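Remarks on the structure that follows.
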Ligand SMILES: Cc1ncc(COP(=O)(O)O)c(C=O)c1O
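In the UniProt record's numbering, the protein residues as written are 1 to 485.
Here it is as structure tokens:
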């Protein structure tokens with residue numbers, strides 16, 4: 001989206017803005033203003049964007065212009081819109097907001113907020129000793145300039161060993177260290193995708209990956225992933241690849257964010273051979289690969305089926321260890337790594353030496369840390385599932401066998417409305433449409449199980465209260481059927 005959003009685009013983002021099931025209907029202008037605020041709060045509508053002219057939005061929404069005028073007035077009054085006569089209206093936020101860890105804007109007084117918008121764990125206890133040990137190692141590097149565009153050799157060795165241990169022989173020249181997996185994706189896209197190039201992604205998918213693709217002005221085609229355990233429909237996925245022949249495919253086969261699905265080995269193999277046949281490069285995001293639960297056995301890495309350097313794997317420290325480290329990596333062919341390093345100097349030169357040394361120490365302790373993380377995540381997931389079954393039994397969930405999130409199918413297209421209501425009772429949610437591109441997925445909600453079990457149970461209680469309050473606030477009366485003539 002550029003600096004101006006057209007009426008039809010905003011209408012698409014707004015989706016079902018006035019259809020809150022069971023809720024006593026507020027005036028249309030207030031519902032419209034509330035829905036625009038919701039889009040701003042969850043990042044689907046950026047700040048500083050010029051909103052459509054009132055007439056344009058009224059036409060796109062098929063409502064009266066006075067409703068739009070009143071909604072814009074309310075947004076101006078609440079500090080969400082700045083208007084200049086004759087020039088237009090721009091989105092903004094009231095001064096009492098700040099940027100949250102996930103990059104979204106939130107109110108300042110949120111100390112008691114239970115944040116289910118971020119799917120990441122707090123740091124493990126091993127982090128501090130690893131940081132101390134890294135500081136001891138630092139003098140070895142202080143005699144040099146400190147720029148290592150592809151990363152410290154000891155970290156690249158440790159990461160390469162991790163792939164080799166998973167059955168994918170890898171040498172350190174095939175690894176480039178980055179500032180997190182998100183940075184890895186951005187760098188790979190810079191190299192693999194010209195502006196306007198075609199990309200295939202799953203829907204739902206990871207919102208910040210969608211943001212990276214939009215920033216490259218990618219032409220995005222989505223492929224629908226099932227919410228239930230059936231996951232990827234092989235014929236549909238491969239058929240879409242053959243038909244669209246995108247330049248790049250971005251997929252998360254290992255405990256997909258947000259669904260938690262795990263792609264079976266056979267489909268991985270077919271995916272790689274089809275991608276090669278149609279000239280598509282695959283970017284495989286392995287953010288959650290270290291977090292299988294319930295003893296789930298991992299299929300071979302997707303890149304292990306690659307014979308033609310079609311697959312670039314990206315991953316990092318954030319999910320098994322800590323997001324605050326900002327250490328990720330790319331696994332590609334050695335010549336690709338050299339090209340990525342050349343591209344990187346125009347971005348950030350290199351990753352911090354000290355953080356890489358911390359990563360080396362954590363990876364040395366990885367088996368013990370990962371075991372504890374898995375036990376913690378399984379217990380938290382089960383607490384979340386138990387609370388959902390008790391308080392929101394109409395919601396359908398598939399038990400994820402790994403990763404940190406579950407993807408709940410709600411009892412109506414209420415995800416954005418629920419997120420707005422939950423915010424008022426101190427629970428931050430990432431509504432379903434954040435994980436897609438076109439304002440759909442309103443029937444779904446991603447729920448991470450990264451908070452302590454007691455917080456998850458409390459959060460579900462609050463969500464259930466607002467869900468049922470919505471109903472109690474104004475039970476819809478049955479209307480007499482009207483005659484259509
Ligand atoms: C699928 C996926 N890719 C990338 C990232 C970003 O990870 P990092 O913190 O390593 O940049 C995340 C974080 O949630 C993720 O879920």
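By construction, the Cβ of each residue, glycine as well, lies at the ideal position given by its N, Cα and C atoms. These numbers come from a predicted model, not from an experiment.
Buried versus exposed call for residue i [16 or more other C-beta atoms within 10 Å across all chains shown]
i: residue 351; result: buried
i: residue 427; result: buried
i: residue 463; result: buried
i: residue 347; result: exposed
i: residue 175; result: buried
i: residue 307; result: exposed
i: residue 327; result: buried
i: residue 487; result: Residue numbering for the chain in the displayed model covers 1 to 485; residue 487 lies beyond these limits and cannot be assessed.
i: residue 89; result: buried
i: residue 48; result: exposed
i: residue 302; result: buried
i: residue 216; result: buried
i: residue 468; result: exposed
i: residue 297; result: exposed
i: residue 147; result: exposed
i: residue 144; result: exposed
i: residue 363; result: buried
i: residue 128; result: exposed
i: residue 77; result: exposed
Residue closest to residue i, alpha-carbon to alpha-carbon, out of the options
i: residue 407; options: 48, 428, 390 and 435; result: 435
i: residue 281; options: 462, 170, 123 and 246; result: 246
i: residue 132; options: 334, 358, 382 and 372; result: 358
i: residue 353; options: 47, 339, 134 and 333; result: 134
i: residue 370; options: 123, 15, 34 and 77; result: 123
i: residue 205; options: 453, 444, 469 and 451; result: 444
i: residue 119; options: 319, 268 and 300; result: 319
i: residue 332; options: 304, 321 and 401; result: 304
i: residue 183; options: 168, 161 and 209; result: 209
i: residue 343; options: 156, 149, 167 and 405; result: 149
i: residue 9; options: 38, 45 and 29; result: 45
i: residue 292; options: 279, 404 and 392; result: 404
i: residue 179; options: 455, 349 and 417; result: 349
i: residue 375; options: 323, 414 and 449; result: 449
i: residue 196; options: 451, 219 and 207; result: 219
i: residue 456; options: 433, 395 and 386; result: 386
Nonlocal neighbours in the same chain, by C-beta distance under 6 Å from residue i, ignoring five residues either side
i: residue 466; result: 421, 422 and 425
i: residue 4; result: 50
i: residue 1; result: Interpretation of residue 1 is limited by its pLDDT of 44, a score under 50 that renders its predicted location unreliable; the figure taken from the coordinates is listed afterwards. Same-chain partners within the cutoff: there are none.
i: residue 234; result: 267
i: residue 35; result: 14 and 17
i: residue 38; result: 416 and 420
i: residue 141; result: 353
Cβ-Cβ distance between residue i and residue j below 8 Å
i: residue 213; j: residue 259; result: no
i: residue 116; j: residue 441; result: no
i: residue 181; j: residue 285; result: yes
i: residue 312; j: residue 188; result: yes
i: residue 249; j: residue 287; result: no
i: residue 290; j: residue 378; result: no
i: residue 397; j: residue 410; result: no
i: residue 177; j: residue 152; result: yes
i: residue 136; j: residue 365; result: no
i: residue 373; j: residue 121; result: yes
i: residue 7; j: residue 59; result: yes
i: residue 191; j: residue 401; result: no
i: residue 381; j: residue 460; result: no
i: residue 155; j: residue 356; result: yes
i: residue 383; j: residue 453; result: yes
i: residue 80; j: residue 61; result: no
i: residue 431; j: residue 42; result: yes
i: residue 207; j: residue 264; result: no
i: residue 130; j: residue 276; result: no
i: residue 75; j: residue 33; result: yes
i: residue 345; j: residue 314; result: no
i: residue 310; j: residue 278; result: no
8 Å CB neighbourhood of residue i in its chain, flanking five on each side removed
i: residue 458; result: 114
i: residue 480; result: Legend: pLDDT at residue 480 = 42, less than 50; position of this residue unreliable, value from coordinates given subsequently. Cβ within range, chain order: n/a, list empty.
i: residue 483; result: With a pLDDT of 46 at residue 483, under the threshold of 50, the predicted position of this residue should be treated as unreliable, though the coordinate-derived value follows. So no residue of the chain qualifies.
i: residue 221; result: 198, 199, 200, 201, 240, 244 and 246
i: residue 339; result: 191
i: residue 167; result: 300, 301 and 304
Chain D contact for residue i (CB, 8 Å cutoff)
i: residue 458; result: No chain D appears in the structure shown, which is made up of a single protein chain.
7 Å Cβ shell around residue i - same chain, five flanking residues per side excluded
i: residue 69; result: 54
i: residue 12; result: 438 and 439
Give, in chain order, every unbroken run of the alpha helix (DSSP H) that is at least 4 residues long and sits entirely within the region 179–258. You should have 181–192, 207–215 and 234–244.
Minimum length 4: unbroken alpha helix (DSSP H) runs contained in the region 354–406: The qualifying runs are 366–391.
Threshold first: 3 residues or longer. Then list the beta strand (DSSP E) segments lying entirely within the UniProt domain "HTH gntR-type" (26–94), N to C. Entirely contained in the UniProt domain "HTH gntR-type" (26–94), the beta strand (DSSP E) runs reaching 3 residues are, in chain order, 81–84 and 88–91.
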